[in-house]
Amino acid sequence: MNATLRRLSTIVMVMFLALMVSTTWIQFVSAESLNSDGRNVRTIYSALARDRGPIVVGGEPIVTSVPVDDNYKYLRTYSEGDAGAASVYAPVTGYFAINGTVTGMERYANSYLAGEDDSLWLDRLQNLITGEEAQGSSVELTIDPKVQKAAWDALGDRNGAAVALDPKTGAILAMVSKPSYDPNTLAVHDSAEVTATSEALINDKPQIGTIGGEERFSVYGPTINRTINATFPPGSTFKLLTSAAAIEYDGMTPDTTIPAPNLYRLPGTSTDVQNYGGETCSSTGEMTLKDALAISCNTAFLGLANTVGKDGMQQMFEDFGFTESLDIPMSTSIGAYPGLIGGENDDDSDARIALSGMGQGSVRMTPLQVAMISAAVANDGELMEPYLIDNVRDSDLELVSQTKPSRYKSPFSSSTADALTEMMLSVVTDGSGTGAQIPGVEVAGKTGTAEDDPRSPTLWFTSFAPADDPQVAVAVVLENEGQSTDESTGGALASPIAAQIMQAAIAK
Amino acid sequence: MTALRPEENAPARIAEAVLLVIALALGMGGMWMVGYSLEDGLPEGFWTYTIVLAALAFTAHIVLRLRAPYADQVILPAVVLLNSVSMAMILRQDLVDIRGANASRHLMWTALGIIVACVVIFVIRDHRSLRRLTYTAMIVGIVLVVLPLIPGLGQEVNGAKIWIYIGGFSLQPAEFAKIAFAVFFAGYLVANRDTLALAGKKFMGLQLPRLRDLGPILIVWAVSLAVLIGEKDLGTSLLFFGLFVGMLYLATDRVGWIVIGLVMFAAGAVVAWSIFSHVQGRVDVWLDPLNAELYDRDFGGSYQIVQGMFAMAYGGMFGAGWGEGYPQYVPFAFSDFIYAALGEELGLTGLLAILLIYLVIVQRGLRHAIGVRDGFGKLLAGGLAFVMALQLFVVVGGITRIIPLTGLTLPFMAQGGSSLLANWIVIALMLRISDAARRPSSLPTRGALADPAPAMVGGGAIEVGGGSPVQAETDAGAGRGATPDDATQIVRGVDR
Chain X
2 MNATLRRLST IVMVMFLALM VSTTWIQFVS AESLNSDGRN VRTIYSALAR
52 DRGPIVVGGE PIVTSVPVDD NYKYLRTYSE GDAGAASVYA PVTGYFAING
102 TVTGMERYAN SYLAGEDDSL WLDRLQNLIT GEEAQGSSVE LTIDPKVQKA
152 AWDALGDRNG AAVALDPKTG AILAMVSKPS YDPNTLAVHD SAEVTATSEA
202 LINDKPQIGT IGGEERFSVY GPTINRTINA TFPPGSTFKL LTSAAAIEYD
252 GMTPDTTIPA PNLYRLPGTS TDVQNYGGET CSSTGEMTLK DALAISCNTA
302 FLGLANTVGK DGMQQMFEDF GFTESLDIPM STSIGAYPGL IGGENDDDSD
352 ARIALSGMGQ GSVRMTPLQV AMISAAVAND GELMEPYLID NVRDSDLELV
402 SQTKPSRYKS PFSSSTADAL TEMMLSVVTD GSGTGAQIPG VEVAGKTGTA
452 EDDPRSPTLW FTSFAPADDP QVAVAVVLEN EGQSTDESTG GALASPIAAQ
502 IMQAAIAK
Chain F
10 MTALRPEENA PARIAEAVLL VIALALGMGG MWMVGYSLED GLPEGFWTYT
60 IVLAALAFTA HIVLRLRAPY ADQVILPAVV LLNSVSMAMI LRQDLVDIRG
110 ANASRHLMWT ALGIIVACVV IFVIRDHRSL RRLTYTAMIV GIVLVVLPLI
160 PGLGQEVNGA KIWIYIGGFS LQPAEFAKIA FAVFFAGYLV ANRDTLALAG
210 KKFMGLQLPR LRDLGPILIV WAVSLAVLIG EKDLGTSLLF FGLFVGMLYL
260 ATDRVGWIVI GLVMFAAGAV VAWSIFSHVQ GRVDVWLDPL NAELYDRDFG
310 GSYQIVQGMF AMAYGGMFGA GWGEGYPQYV PFAFSDFIYA ALGEELGLTG
360 LLAILLIYLV IVQRGLRHAI GVRDGFGKLL AGGLAFVMAL QLFVVVGGIT
410 RIIPLTGLTL PFMAQGGSSL LANWIVIALM LRISDAARRP SSLPTRGALA
460 DPAPAMVGGG AIEVGGGSPV QAETDAGAGR GATPDDATQI VRGVDR
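For the record, the sequence lines run as chains X and F. Note that the working numbering has the first sequence beginning at 2, numbered continuously upward. Note that the working numbering has the second sequence beginning at 10, numbered continuously upward.
Right, here's the structure in full:
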């Protein structure tokens, strides 16, 4: 029996070896993917019990970890607990809740804030040797507090969003979303309270007018960052993209004459589209591209999109990178364009393409994407990658990383950019966007009023300034704040907001 | 021989005492760190736990010195180490009020386990006396297995019906049944192994046993299948069947038996899988635990195993440290999933160390099975060591997804009275046999000139037949023993 006992002992060895391998597999080989699984709350909890780094804006920490005397050790505090100030930055900072929900910068910069990023390996090694607890790094944002404040104040009580970029670098200077919320209410160390508050917030969707005696509500609650995670029909601001495609691909110039009829029949249908209120764009039935953009003539751009064609329009949409998600570091929503959405209901017939020429049909974009159109025009056709983290410093304030601006896409040539600038200038000087004028500064912009049935129209303005040396590109959206589809409403309501934001950015 | 005086020239068991101190120190260190991590001070009851554990361990040490002085000196400290580390882990979970974790109860059962182990060592002076209980053990084993199926007594917990409830106490009879079965198999096989090994036709290179010899194996197969179907527990069923097949192989050296056994078990398992949704669920969870639908399933889903995997992954190489993990998210982190909780706080390093300690215990057990002289002792020691290895494989393999998850518990570590008590009895028997194996014998050892002629060895040789006994090349060492068991070994040697 001794021989069989020895063999059995070998079998036992093999069994134990299998256990060691399987244990190693879980704890070492697949540990990283298991740790990053969204259902695993451990990483978040351990991050909570740690001295998380601050989030800094303009040299001042706006989010800090305050030591408290409970099991969590630290309370995440936003704008020193000031509900008003915290709401201004809420779409950027996000919040850190003990039930495991983490959003915004708190989530996407977690590895820095928690002091766990690979770039902090030297600090981690030091901590391992000295036995000190890991301290988080501070994350400094590109947000300019003056611009942020101006955007917040300018939007007032309206539902909507505003985003401002430095077109030369892609740095995001302001990111405001309304309605907002106070992250402090979600950071409390009482699980039941957090759950109740967050449920209330999710369901607290703002009313966006009354249509047919029925109250209508936004699909987005206050915790959604409307600049990057909400999409709206871009309306006439999209005419910039249609123009860009016509100039870039079809060799047109601002002075090219295009048809501008009173009625435009959508190709392959018997549906006629007219301008707002049946207005006439041109007595001759045709006008220059520049004039068509300045007064935002719908029929002209329906025809123009049809001329450019499906391939060209799609190409331009994709060349802007609008079908891809960005990590700014928050993950942004992608835009929608006929034929690029996918799925059975994605209608890319000629009629839909024509409609897309004025940003209607199934076109949807985020405010950041609309701002990126202006930014690309402002930066000679070079679209810089938008980003929010300027630099990261470890707990000893030593620089860990500094973001270097990088080119994201080149949707069109610099001559196209010049042509578009010329057209956008005329929008503000004597077109639909006169409300965006700033004394002594040349502003280039475009209004937008998008039908968003069954809701009231959504109003837009996107612009950049100064035209000769662009320092800021903005997009403002007023979610279903329009009373009619009259193009001037977008200009009247949204353009002054953009002007105030640009003014704050230029004055810095 | 006076009952309470150590035998003359017996080892003083210094090594064991030193190792015990180290083992207890590790457990104490664990509890100390748990306290400082969670409460910035010694945990409540620290000294009680420490003193009781130390007193129990050294009581066992003294009992061994008195009653089994030649017994293995590593096994006891190894088990004490596992037990006191688990004490720290359960205390840690008790401190944060995890429902069900109860450190004082764990201490109580540990104490009872060690005391019963001492009693076993004290009362059973010679393991061969257990051979008389062969068929009693069989009946006890079957009764124990059937108990949870009796309505009113058994209760279904998490889909498996392996518990019985008596007067507020819950017991897992299977834990005790495995000891009874080991005794029964050892006794049965030592008497019948030659019939099982020699008779039968050859088929495709495998020597198949005769049909009538299949009787007992069919009974065991039926019992373990009954466990699988009636109690819905793959682990216990695998444990019994594996134990029997393993011991059958030990006794007969016939690979044919293993093949038949595995085929029969596989057939039973497939049938159970195709009939019971419960078993199908377990298999689904085993194959794809991270599947969102399985994870969110209220009952029979993969939540527990996934949380266990998360816990282990969080532990990583070196662990989060005592008290720094999140056992509150792993259901039953103090019993069925204590392996995952340990992995979270002690890391891969800690778990590999724990596995190695188990391996040492099992391999020591097998080593003494080789060393002991009688066939019954060999089979019993081999069986007990193997059943512990098998249980570990089923438990850890279930948590780390080598096999579907089952309801067995980690010996000496999981909180649970039956498991602690039964496994301490296993250790007591292992120590008893090791004492017999290492005790200097007055009989000639292997290679020494055989004194008695093989023909005079005893009745056993004649009984089993199979050619004239030749002693020289037998692996058991011819002429060494005077028991019938050894005679059967001699005959086996001829068969080679």
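From the three backbone atoms N, C-alpha and C, an ideal C-beta is built for every residue, glycine too. None of these values were measured; they are calculated from a predicted model.
Step through the CB atoms of chain X and report whether any lies within less than 9 Å of the CB of residue i.
i: Ile379 of chain F; result: yes
i: Asp135 of chain F; result: no
i: Gln498 of chain F; result: Note that Gln498 of chain F scores 42 on pLDDT, short of 50, meaning its location in the model is unreliable and no value can be drawn from it.
i: Val155 of chain F; result: no
i: Glu25 of chain F; result: no
i: Arg448 of chain F; result: no
i: Lys187 of chain F; result: no
i: Gln480 of chain F; result: Any answer about Gln480 of chain F is weak, because its pLDDT of 40 lies below 50 and its placement is not dependable; what the coordinates show is given next. No, Gln480 of chain F does not count as interfacial toward chain X.
i: Leu551 of chain F; result: No answer is possible for residue 551 of chain F: the residues shown for chain F start at 10 and end at 505.
i: Leu243 of chain F; result: no
i: Gly273 of chain F; result: Here the sequence assigns Met to residue 273 of chain F, which means Gly is not the residue at that position. No, because no Cβ of chain X sits closer than 9 Å to the Cβ of Met273 of chain F.
i: Phe319 of chain F; result: yes
i: Asp262 of chain F; result: yes
i: Gly309 of chain F; result: no
i: Val315 of chain F; result: yes
i: Leu388 of chain F; result: yes
Hey, out of the options, whose CA is closest to residue i's CA?
i: Gly446 of chain X; options: X:Asp395, X:Ala500 and X:Gln403; result: X:Ala500
i: Leu33 of chain F; options: F:Glu48, F:Ala64, F:Ile23 and F:Leu205; result: F:Ala64
i: Leu9 of chain X; options: F:Gly425, F:Ala200, F:Val396 and F:Ile442; result: F:Val396
i: Ile56 of chain X; options: X:Gly137, X:Asp431 and X:Leu166; result: X:Gly137
i: Tyr338 of chain X; options: X:Asn346, X:Met331 and X:Leu6; result: X:Asn346
i: Gly318 of chain F; options: F:Asn432, F:Ile411, F:Leu440 and F:Leu158; result: Strictly speaking, residue 318 of chain F in this sequence is Met, with Gly absent from that position. Measuring from the Cα of Met318 of chain F, the nearest candidate turns out to be F:Ile411.
i: Ala189 of chain F; options: F:Asn92, F:Asn432 and F:Gly163; result: F:Asn432
i: Gln504 of chain X; options: X:Gln438, X:Thr459 and X:Ser457; result: X:Gln438
i: Met424 of chain X; options: X:Leu294, X:Cys282 and X:Ala495; result: X:Leu294
i: Arg51 of chain X; options: X:Met106, X:Glu117 and X:Gly82; result: X:Glu117
i: Asp345 of chain F; options: F:Gly161, F:Gln316 and F:His287; result: F:Gln316
i: Thr430 of chain X; options: X:Val444, X:Leu421 and X:Asp419; result: X:Val444
i: Leu296 of chain F; options: F:Ile314, F:Val280 and F:Phe285; result: F:Ile314
i: Glu383 of chain X; options: X:Gln208, X:Asp256, X:Asp419 and X:Tyr113; result: X:Asp419
i: Ser415 of chain X; options: X:Asp395, X:Asn380 and X:Val401; result: X:Asn380
i: Ile130 of chain F; options: F:Gly265, F:Ile442, F:Trp266 and F:Gly309; result: F:Ile442
i: Leu341 of chain X; options: X:Ile248, X:Pro330, X:Ser363 and X:Ala355; result: X:Ser363
With a cut-off of 9 Å, does the C-beta of residue i fall near any C-beta of chain F?
i: Met16 of chain X; result: yes
i: Ser353 of chain X; result: For the record, residue 353 of chain X in the displayed sequence is Arg; it is not Ser. No - not a single Cβ of chain F is within 9 Å of the one on Arg353 of chain X.
i: Ala19 of chain X; result: yes
i: Ala506 of chain X; result: no
Per DSSP, which residues does residue i bridge with? Please list them.
i: Arg365 of chain X; result: X:Ala337
i: Asp453 of chain X; result: X:Arg456
i: Asn300 of chain F; result: None; Asn300 of chain F has no bridge partner.
i: Trp461 of chain X; result: X:Gly449 and X:Val478
i: Phe233 of chain X; result: X:Met366
i: Val129 of chain F; result: Bridge partners of Val129 of chain F: none, in fact.
Under 9 Å (Cβ pairs) to chain F, residues found in the stretch 24–39 of chain X: Thr24, Thr25, Trp26, Ile27, Gln28, Phe29, Ser31, Ala32, Glu33, Ser34, Leu35, Asn36 and Asp38
**Prompt:** Taking a cut of 8 Å between CB atoms, which residues from the stretch 402–434 of chain F lie near chain X?
**Reply:** Phe402, Val405, Gly406, Thr409, Arg410 and Ile411
| query | Which residues, in order along the stretch 41–63 of chain X, keep a beta-carbon less than 8 Å from a beta-carbon of chain F? | reply | Asn41, Val42, Arg43, Thr44, Tyr46 and Ser47
Given a limit of 7 Å on CB to CB distance, which residues of the stretch 190–211 of chain F reach chain X? none
Sufficient close CB pairs (3 or more, under 8 Å) joining the stretch 15–30 of chain F to the stretch 60–75 of chain F | yes
**Report entry** Contacting positions in the stretch 2–13 of chain X - beta carbon closer than 9 Å to chain F
**Finding:** Met2, Asn3, Ala4, Thr5, Leu6, Arg7, Arg8, Leu9, Ser10, Ile12 and Val13
Query raised in the report: Taking three-plus beta-carbon pairs below 8 Å as touching, is the stretch 51–59 of chain F in contact with the stretch 76–84 of chain F?
Result: no
- With contact counted as at least three CB pairs below 8 Å, one residue from each stretch, are the stretch 82–94 of chain X and the stretch 177–189 of chain X in contact? yes
Which residues, taken in chain order from the stretch 358–377 of chain F, show a beta carbon closer than 7 Å to some beta carbon of chain X? Leu360, Leu361, Leu364, Leu368, Val371, Gln372 and Leu375
| request: Taking a Cβ distance cut-off of 7 Å, strictly less, list which residues of the stretch 322–335 of chain F are near chain X, in chain order. | output: Ala322, Tyr323, Gly324, Gly325, Met326 and Tyr335
Given 8 Å as the limit, is there contact between the stretch 144–151 of chain F and the stretch 179–193 of chain F, that is, 3 or more CB pairs closer than that? yes
Report task. Using a Cβ-Cβ cut-off of less than 7 Å, give me the residues of the stretch 39–57 of chain F that come near chain X, in sequence order. Result -> none
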